[in-house]
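The structure under discussion appears below in the form of structure tokens.
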Amino acid sequence: MFIHIFIAVLITYLSLPGLDKALYSSLFWLIVIFTTIQGISKSFINLNKGHFLYWHQLLSPIQFLVAKLLTNALLMLVFTVFSMLIFTIIHGVMVDDTLSFLLIAIVTGGGISSVFTISSSIAAKTNHPGMLLPVLTFPLVVPLLLIGVKASKKATDGLGFMTSLPEVIILLIMNVLIVVLGVLLVKFIWKE
Amino acid sequence: MAKIPYKWYKILAVLLLGYTLIYGLLIPLPTDVGMLDETIRNLFYHVPMWFGMMIILMAAWIYSILYLQNQNPKHEIIARALTFTGILMGLCGLFTGMFWGYNTWGSPWTNDPKLNGVAVGMTMYAGYWLIQKSVDDGEKKARLASVYNIFIFPLFIALIFVMPKLAKFSIHPGSGESVNFKTYNKTNNMEMVFYPAIIGWTLFFVWIAEIRARYEILKQRKENEELFA
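From first to last, the protein sequence lines stand for chains D and B.
Once you know that position 92 of the first sequence is 92 in the working numbering, the rest is easy, because the numbers rise by one and skip nothing.
Once you know that position 122 of the second sequence is 1122 in the working numbering, the rest is easy, because the numbers rise by one and skip nothing.
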């Protein structure tokens, strides 16, 4: 995964050496979500029926989902920080307001990783999980991603955290909504 | 349950649509609409599609929740019929909008938050259709599709209501900083056609959904009879 990120960033550097700030946040998010979908979906698709039965004996569905949500949010956070690091090393310092960029990245990443978790748990139950997963997942993260990109663009321009506060609040509301929906619905996904 | 026990709503739909079609062409237009000109009559076709789509998808959402609560297969069939009708309405709205955009903005597709939001929203609902296609077990299919439907509807709402509000510019009327249709309507009584058009089109598509749901229920009953015969 880390090599994946490194190569992706390197490609952006080789093809777009003079990257400007407008492109920076969109490219950053593209790389992060494509890496994360690999990481998160693997953890579901590689589980076969036996694994599910095993987990089913140990945990309640809600426990399983919450554990997965936390793990994946952590994974997303690690990916985000790592790709920021690589971006900074390769492209130079682009972000004027690192702290608020990171904060926005955490909020958006939390939402994206929970959407990924829930939709890949749905996809894992179908007959063609590998094919269905991107179709089910990518449209769902678009609203989160667009708001996140917009807010993080403000942070790269150094406009100050207060200007992106409305976006962060909307993102937080949506995150809560997604997690609540996931917790309510997981027992129906889970049943065999 | 799937058959709505009233005939009047079909009659009402036909009457309202007839009124909309005929009087929508006859109604004198406000004179200050600028380049919109005669295309403003598309207001009676394009906008009701979106209103109706929202209402129908909301009904589908409620039926999906009902299905998960009491496991009644009929509710799932109704939810499915409503969702497919909602998608159909969305596509109709998209195409009427593309005609309208071609004649006023100069191109069928522009970089507008509403257009992009709806395009992504339609791919979300394409995922709903794909789930139906890629699970064999009937009960599991119904369950997964309902869960997915419940999950995507709030995100869809966020896409088509919250995103255009956040975007500062939009060339759609009434969002962002562009003018609202209300400013035109002051001089005229276009609302006299507009509101009946919304009700008429919605009832018309509910009719389509009802026929679809009844067909699916009959099909399933026949399959069950063959199974236990």
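Ideal Cβ positions, reconstructed from N, Cα and C, are used throughout, including at glycine.
Scanning Leu-172(D), Thr-117(D) and Pro-61(D) for the CA closest to the CA of Leu-184(D) turns up Pro-61(D). In chain order, Pro-143 and Met-174 make up the part of chain D whose C-beta sits under 7 Å from the C-beta of Ala-1158(B). In this chain, the alpha helix (DSSP H) harbouring Trp-1050(B) covers 1043-1070. Between Ser-120(D) and Thr-137(D), the beta carbon gap of about 7 Å places them in contact (Cβ cut-off 8 Å). In its chain, beyond the 5 residues on either side, Trp-29, Ile-33, Thr-108 and Ile-112 have a beta carbon closer than 8 Å to the beta carbon of Leu-145(D). The beta carbons of Phe-79(D) and Thr-36(D) sit closer together than 8 Å.
Tyr-1023(B) has its alpha-carbon roughly 11 Å from the corresponding atom of Ala-1197(B). Apart from the 5 residues on each side of it in sequence, Phe-87(D) sits with its Cβ closer than 8 Å to the Cβ of Val-9, Tyr-24, Phe-28 and Met-94 in its chain, given in chain order. Leu-77(D) and Trp-1105(B) have their C-alpha atoms some 43 Å from each other. In the three-state scheme derived from DSSP, where H, G and I count as helix and E and B as strand, Gly-158(D) is classed as coil.
In this structure, Gly-1090(B) sits away from Val-1135(B), with a CB-CB distance that is not shorter than 8 Å. Remark: fewer than three beta-carbon pairs, one from each stretch, lie closer than 8 Å, so the segment 1095-1109 of chain B and the segment 1123-1140 of chain B are not flagged as touching. Contact annotation: Met-1058(B) and Leu-140(D) have beta-carbon atoms that are not nearer than 8 Å. Listed by position along chain D, the residues whose Cβ is nearer than 8 Å to that of Ile-1150(B) are Leu-181 and Leu-185. Put simply, the segment 126-135 of chain D touches the segment 39-56 of chain D. At least three CB pairs are less than 8 Å apart. Residue range 61-91 is occupied by the alpha helix (DSSP H) that includes Thr-88(D). The beta carbon of Leu-1155(B) is closer than 8 Å to those of Met-1124 in its chain, skipping five residues each way along the sequence.
By alpha-carbon distance to Ile-169(D), the top candidate from Tyr-54(D), Leu-47(D) and Leu-103(D) is Leu-103(D). By the Cβ-count criterion, Asn-1072(B) is exposed, with fewer than 16 other Cβ atoms from all chains shown falling within 10 Å of its own Cβ. The C-beta of Glu-1038(B) has fewer than 16 other C-beta atoms within 10 Å across all chains shown, which makes the residue exposed.
In this structure Phe-1205(B) is not in contact with Ile-1077(B), their Cβ atoms being roughly 17 Å apart against a cut-off of 8 Å. Contact annotation: Gly-110(D) and Ala-73(D) have beta-carbon atoms nearer than 8 Å. Within chain D, the C-beta atoms nearer than 7 Å to that of Val-1147(B) come from Ile-122, Leu-185, Phe-188 and Ile-189, in chain order. In the displayed model, Ser-121(D) falls within a helix according to three-state DSSP. The alpha carbon of His-1172(B) has as its nearest neighbour, out of Leu-1026(B), Leu-1088(B) and Asn-1111(B), the alpha carbon of Asn-1111(B). The C-alpha of Ala-124(D) is placed about 13 Å away from the C-alpha of Phe-188(D). Between Gly-1200(B) and Thr-1085(B), the CB-CB gap reaches or exceeds 8 Å. Any Cβ of chain D closer than 8 Å to the Cβ of Val-1193(B) would place that residue at the interface, and such an atom is absent.
Within the segment 39-66 of chain D, no residue has its Cβ closer than 8 Å to any Cβ of chain B. Flagged as an interface residue toward chain B: Leu-146(D), by a C-beta distance shorter than 8 Å. Among the residues of the segment 1056-1082 of chain B, those with a Cβ less than 8 Å away from any Cβ of chain D are Leu-1068, in the order of the chain. As the crow flies, the alpha-carbon of Leu-47(D) is around 15 Å from that of Gln-57(D). Ranking Leu-99(D), Ser-114(D) and Ile-31(D) by CA distance to the CA of Leu-177(D) puts Ser-114(D) first.
Residue-level contact by beta carbon holds for Met-1163(B) and chain D, with a gap shorter than 8 Å. Under the criterion of beta carbons closer than 8 Å, Lys-1219(B) and Ile-1160(B) do not qualify as touching, at roughly 33 Å. Inside the segment 1073-1115 of chain B, DSSP marks whole alpha helix (DSSP H) runs of 4 or more residues at positions 1073-1104, from first to last along the chain.
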